[in-house]
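Quick note on the working numbering: the sequence shown kicks off at 7 and runs consecutively. Just so you know, even glycine gets a beta-carbon here, dropped at the ideal spot from N, CA and C. Written out below as structure tokens is the structure these notes cover.
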Amino acid sequence: MSILVDADTRVVVQGLTGSQGQFHAEAMLEYGTNVVAGAVPGKGGQTVAGVPVYDRVETAVVETDADASVVFVPPAFAGDALFEALAADLDLVVAITEGVPVQDMARVYRRSQEVDTTLLGPNCPGVISPGAAKLGILPGSVFEPGSVGVVSRSGTLTYQIVENLTSAGLGQSTAVGIGGDPIVGMDFQDALGAFERDPKTEAVVMIGEIGGEDEEAAAAFIEREMDTPVVGFIAGRTAPEGTRMGHAGAIASGSGTGTAQHKIEALEAAGVPVGATPTEVAELVASHSPE
């Protein structure tokens, strides 16, 4: 089983006629994802990679019975694209776009709280249920079907740790990239709760980084709500305080809050072992997974 997406998920690609949209739509199709439509204002009637393009998401949903969208729209237009997706009665919207203005994302986030649609991202690699479907830019070749859930703020670290899991014979149920921006849709607690409810997920890897307090809140959630074993990894152990490190949300204040050490201590206090390296994460998952 999996969370968020499976082989039955029917996908609209917003921005399909752009270079990034077409490239990754073709990769999704090659992986086996059921991409049923594209949506690009003014481009309706075209066909890209064998997929029909519609002017609006709502029309694509009506014509193809799609239930998810993935957004490859440039930052200046991503806010409007996300509002359109949230108005189309979809189950899931995945925003890959990096650099969405914070003011736009604040409005999109407020709207996402008012509708029955899960928003993932922005600035995320997407989501994959290995062997079934992927929405986004994740490299399908490193993933294998299995029972380990993965949730992460970092795309690159996701690939690294998943490769270690796969090499250790630990396949994945679903891997979820929640994104590294200060304002995102699905957060750690949302994903951890979904994995807890999934009977086929037997362990979870949570990949965090410096900045914000999401990992500390997730630690409290794990201690309070979860029976499924969780293993952690926190990037940025040697990052200097007050310096932004890549992601917009990855900056540790001088007060101690948001530092790697603070997050590691919070997780360990909640009973979550934290690996120092991706290899150690895989070893910890193997040692904590049910036999």
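{"Query": "Grab me the residues of Gly21's own chain with a C-beta within less than 6 Å of its C-beta, minus the 5 sequence neighbours each way, in chain order.", "Result": "Gly27, Phe78, Val79"}
{"Query": "With DSSP as the reference, label Val67 as helix, strand or coil.", "Result": "helix"}
{"Query": "Distance, Cα to Cα, Glu229 vs Thr70?", "Result": "42 Å"}
{"Query": "Under the rule that 16 or more other beta-carbon atoms within 10 Å means buried, what is Pro205, buried or exposed?", "Result": "exposed"}
{"Query": "By the three-class DSSP mapping on this structure, what secondary structure does Gly161 have?", "Result": "helix"}
{"Query": "May I ask which residues mark the beginning and end of the alpha helix (DSSP H) holding Glu90?", "Result": "81-92"}
{"Query": "Between the segment 130-137 and the segment 60-69, do three or more beta carbon pairs fall short of 8 Å?", "Result": "no"}
{"Query": "Which two residues bound the contiguous alpha helix (DSSP H) that contains Gly351?", "Result": "Outside the modelled stretch of the chain, which goes from 7 to 297, sits residue 351, for which no answer is possible."}
{"Query": "Please report how far the alpha carbon of Gly50 lies from the alpha carbon of Thr23, in whole angstroms.", "Result": "10 Å"}
{"Query": "Determine the DSSP secondary structure at Met111, reduced to helix, strand or coil.", "Result": "helix"}
{"Query": "Taking C-alpha atoms, which residue in Asp95, Val19, Val280, Pro131 lies nearest to Tyr165?", "Result": "Pro131"}
{"Query": "Are the beta-carbon atoms of Ala84 and Val106 separated by less than 8 Å?", "Result": "yes"}
{"Query": "Express the C-alpha separation of Lys140 and Leu273 in angstroms, rounding to a whole number.", "Result": "29 Å"}
{"Query": "Kindly list the residues whose CB is nearer than 8 Å to the CB of Ala74, restricted to its own chain and excluding five residues on each side of it in sequence; keep chain order.", "Result": "Val11, Thr15, Arg16, Val17, Val18, Leu96, Asp97, Leu98, Val99, Val100, Leu141"}
{"Query": "Spatial neighbours of Leu92 within its chain, please: C-beta separation below 8 Å, excluding the five flanking residues on both sides.", "Result": "Val99, Val114, Arg117, Ser118, Val121, Thr123, Leu125"}
{"Query": "Evaluate contact between the segment 183-192 and the segment 268-283, counting only Cβ atoms and requiring at least three cross-stretch pairs below 8 Å.", "Result": "no"}
{"Query": "What are the partner residues of Pro151, as DSSP defines its beta bridges?", "Result": "Gln178"}
{"Query": "When the Cα atoms are used, what is the spatial distance from Thr234 to Val280?", "Result": "15 Å"}
{"Query": "Contact defined as beta carbons within less than 8 Å: I believe Gly185 pairs with Pro128. What is the distance between those atoms, to the nearest angstrom?", "Result": "6 Å"}
{"Query": "May I have the straight-line CA-CA distance separating Asp110 from Gln52, to the nearest angstrom?", "Result": "29 Å"}
{"Query": "With burial defined as no fewer than 16 other Cβ atoms inside 10 Å of the residue's Cβ, what is the status of Arg159: buried or exposed?", "Result": "buried"}
{"Query": "For Asp86, count neighbouring Cβ atoms within 10 angstroms of its own Cβ and tell me buried if that reaches 16, exposed if not.", "Result": "exposed"}
{"Query": "For Glu90, count neighbouring Cβ atoms within 10 angstroms of its own Cβ and tell me buried if that reaches 16, exposed if not.", "Result": "buried"}
{"Query": "May I have the straight-line CA-CA distance separating Ala282 from Glu289, to the nearest angstrom?", "Result": "11 Å"}
{"Query": "In whole angstroms, what is the alpha-carbon distance linking Pro47 and Val210?", "Result": "39 Å"}
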